[in-house]
Amino acid sequence: MSEFTTIHEQGVAVAEPSNKVSMLHVASKPGELSLIGKVLRPMRIVLALTITTVAAVFLWENFSHIHSRQAFINGTLLEIRSPIEGIVHLENVSPGDEVSSGLLLGLIRNRKYYDLQSSCEQYSARIAEDERELDNILQATSQCESKLAKYRELSTVQNALDIEYAKNEVLRFEQEYKDSIEAARFLKEESALTKKLSATGLLPRRTACRDESECLRAEAITQAKLGQFQSAESRLKAAQAGLSVGSNRELSTPANRIEDLERELIQLKLKQIDLRMALNQDRFSFKRALSLRTLDSTVTMKAPDRGVVWSILAKSGELVTPGAAIANMLMPQKRWVEAFVQEKDLHRLHIGGKAKVKLAGTNKRFDATIESIRAGVGRVSAGQPVAVPPPDRARKEIELRLSVDWPHVCVANEFGANQFYGVGRSLEVEFD
């Protein structure tokens with residue numbers, strides 16, 4: 020049995036449940052139902068065509084054009100670092116302030132200034148001491164050279180006199196030796212004659228013995244004169260060699276003094292070399308300490324070019340080390356657009372390709388050109404300090420760098436220095 024019962028009354032259908040709960044249904048007449056159907060049919064067709072067109076346009080846009088999954092304006096940061104160790108004193112600058120080229124950003128006062136001052140004084144005292152000692156050594160060297168020249172002159176004179184004396188001795192002993200030879204020869208002939216006369220009985224034998232003794236003594240004298248002559252020749256050779264006349268094994272007094280002075284002069288010159296090296300080292304250290312004290316007592320930090328302060332990394336009164344980052348600056352002329360697309364679309368992109376850049380939340384569109392294509396973003400470092408690094412979700416995507424010709428009005432209104440020239444602003448990029 021049905022749960023409902025239907026009652027038809029003047030075009031109104033009333034359904035009453037068996038439990039006496041009724042519901043009302045409105046039914047149209049057959050003519051009115053046909054008219055409504057005729058009106059709704061075109062509307063359904065138009066609605067279907069509209070949906071189909073929108074779907075077709077959507078599919079066409081997605082399959083015929085490449086859209087970036089993420090895009091933003093980026094720029095290169097210029098780091099300002101401390102060249103010395105010291106205390107930072109920053110001017111009244113903050114992130115977002117526009118600065119001109121050469122504008123003073125702050126100072127760094129070297130806390131080692133007094134240490135450098137003390138080092139300069141120590142090196143100055145050492146230089147003065149080295150110079151005094153070097154002057155003394157130079158004076159001693161000059162005196163030694165004067166004495167050496169004097170004794171060399173005396174040695175030359177003495178040597179000449181010794182040679183002259185030795186030559187005279189040689190001549191004298193040579194003549195005595197020749198005279199002894201002649202006397203011995205005469206006595207030998209006389210002894211032979213006396214001996215012959217003694218044998219015949221004309222002279223006594225005693226006379227012959229006496230003449231023979233005289234002959235032997237003359238020969239002995241000849242040998243002695245020969246020895247004296249040879250000794251004189253040796254003394255001449257010694258004198259010519261600069262040795263003493265009295266002995267060929269000893270130097271003369273000037274020669275001995277010359278040898279001592281030459282050794283002393285060598286020692287003085289070695290001391291000069293050592294002192295000059297020490298003096299040059301002390302002078303170099305003094306100049307270095309003086310330059311550090313002069314140049315590094317206070318170091319100024321200036322803006323290298325026109326730009327905007329991106330970040331302040333140090334505080335006034337903070338002690339920084341050499342090379343510590345003080346601030347980052349963003350230059351307006353070093354900006355570009357970074358867009359990320361899927362790797363599957365790489366084959367449809369090329370350097371010099373055109374694109375449309377749209378500011379997020381606006382209808383402003385600008386022409387852009389692809390400058391570089393880098394695959395594997397996130398797997399390698401960016402290669403330079405940039406304001407906005409690649410996001411984590413950009414891994415395994417293609418990074419495109421685009422140059423955009425921003426209109427001057429747009430730059431002035433949208434990308435002023437107080438907005439960091441638009442760096443970090445999100446964009447929508449559509450590639451042709």
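Going by the numbering used here, the first residue of the sequence shown is number 20, and it counts up by one from there.
From the three backbone atoms N, C-alpha and C, an ideal C-beta is built for every residue, glycine too.
| Asked | Found |
| --- | --- |
| Taking the alpha carbon of I370 as the reference point, which residue from R354, E390, T317 has its own alpha carbon closest? | E390 |
| Taking the Cβ atom as the reference point for each residue, do F385 and D424 lie within a distance shorter than 8 angstroms? | yes |
| Does DSSP classify F434 as helix, strand or coil? | coil |
| Which stretch, first to last residue, makes up the beta strand (DSSP E) that contains A358? | 344 to 361 |
| Under the three-state reduction of DSSP, which class applies to H108: helix, strand or coil? | strand |
| Beta-carbon within less than 8 angstroms of T317's beta-carbon, same chain only, minus the 5 sequence neighbours each way: which residues are those? | L126, I127, R128, N129 |
| Below 8 angstroms on the Cβ atoms is my guess for P351 versus Y440; work out the distance and round it to an integer in Å. | 5 angstroms |
| Count the other CB atoms, across all protein chains shown, that sit within 10 Å of the CB of V73; report buried if there are 16 or more and exposed otherwise. | exposed |
| For A436, collect the residues of the same chain with a Cβ closer than 6 angstroms to its Cβ; drop the 5 residues on either side in sequence, then sort them by chain order. | E117, V327 |
| Can you round the beta-carbon distance between T388 and K373 to whole angstroms, since I take them to be within the 8 angstroms contact cut? | 6 angstroms |
| Over what stretch of residues does the beta strand (DSSP E) that includes V442 continue unbroken? | Run containing V442: none; DSSP gives neither H nor E here. |
| Please list the terminal residues of the continuous beta strand (DSSP E) segment that includes K389. | Note that residue 389 corresponds to Ile in the displayed sequence, not to Lys. Element bounds for I389: 384 to 393. |
| Since I believe P341 is in contact with P102 (beta carbons under 8 angstroms), could you give me their beta-carbon distance rounded to a whole number of angstroms? | 6 angstroms |
| Is the segment 201 to 217 in contact with the segment 232 to 242, if contact means three or more CB pairs nearer than 8 angstroms? | yes |
| Quickly, what does DSSP pair S330 with across the bridge? List them, please. | N347 |
| By the three-class DSSP mapping on this structure, what secondary structure does E416 have? | strand |
| Could you compute how far the alpha carbon of K186 sits from the alpha carbon of D301? | 60 angstroms |
| Taking the C-alpha atoms as reference points, what is the distance between L287 and R171? | 19 angstroms |
| Note the first and the last residue of the continuous beta strand (DSSP E) segment covering R367. | No beta strand (DSSP E) contains R367, which DSSP labels as neither H nor E. |
| Note down, in chain order, each residue of its chain lying with its Cβ closer than 7 angstroms to the Cβ of L311, except the 5 sequence neighbours on either side. | L135 |
| What span of residues does the beta strand (DSSP E) with T95 cover, start to end? | 89 to 100 |
| How about L124 and N347: are their beta carbons less than 8 angstroms apart? | no |
| Quick one: what does DSSP say R130 is sitting in, helix, strand or coil? | coil |
| Give me the Cβ distance between A358 and S87, rounded to the nearest whole Å; I'm assuming they're in contact under 8 angstroms. | 4 angstroms |
| Consult DSSP for A308 and reduce its assignment to one of helix, strand or coil. | helix |
| Under the three-state reduction of DSSP, which class applies to F450: helix, strand or coil? | strand |
| Give the DSSP-derived three-state secondary structure of L68 in the structure shown. | helix |
| Leaving aside the five residues before and after E252 along the sequence, list all residues of the same chain whose C-beta is less than 7 angstroms from its C-beta, in chain order. | V189 |
| What does a CB cutoff of less than 6 angstroms around R393 pick up in its chain, not counting 5 residues either side in sequence? | E418 |
| CA-CA distance, I331 and L109? | 10 angstroms |
| For G94, collect the residues of the same chain with a Cβ closer than 6 angstroms to its Cβ; drop the 5 residues on either side in sequence, then sort them by chain order. | L349, K353, R354, A406, V442 |
| If you run the structure through DSSP and keep just helix, strand and coil, what is E337? | coil |
| Let me check you understand the geometry: is the CB of V376 closer than 7 angstroms to at least one non-hydrogen atom of the ligand NAP? | As for the ligand NAP, it is missing from this structure, which has no ligand bound. |
| Name the residue from E278, R295, L368 whose alpha carbon lies nearest to the alpha carbon of L421. | L368 |
| May I ask you to list the residues that DSSP assigns as paired with M320? | G125 |
| Verify whether the separation of the beta carbon atoms of C163 and L284 is less than 8 angstroms. | yes |
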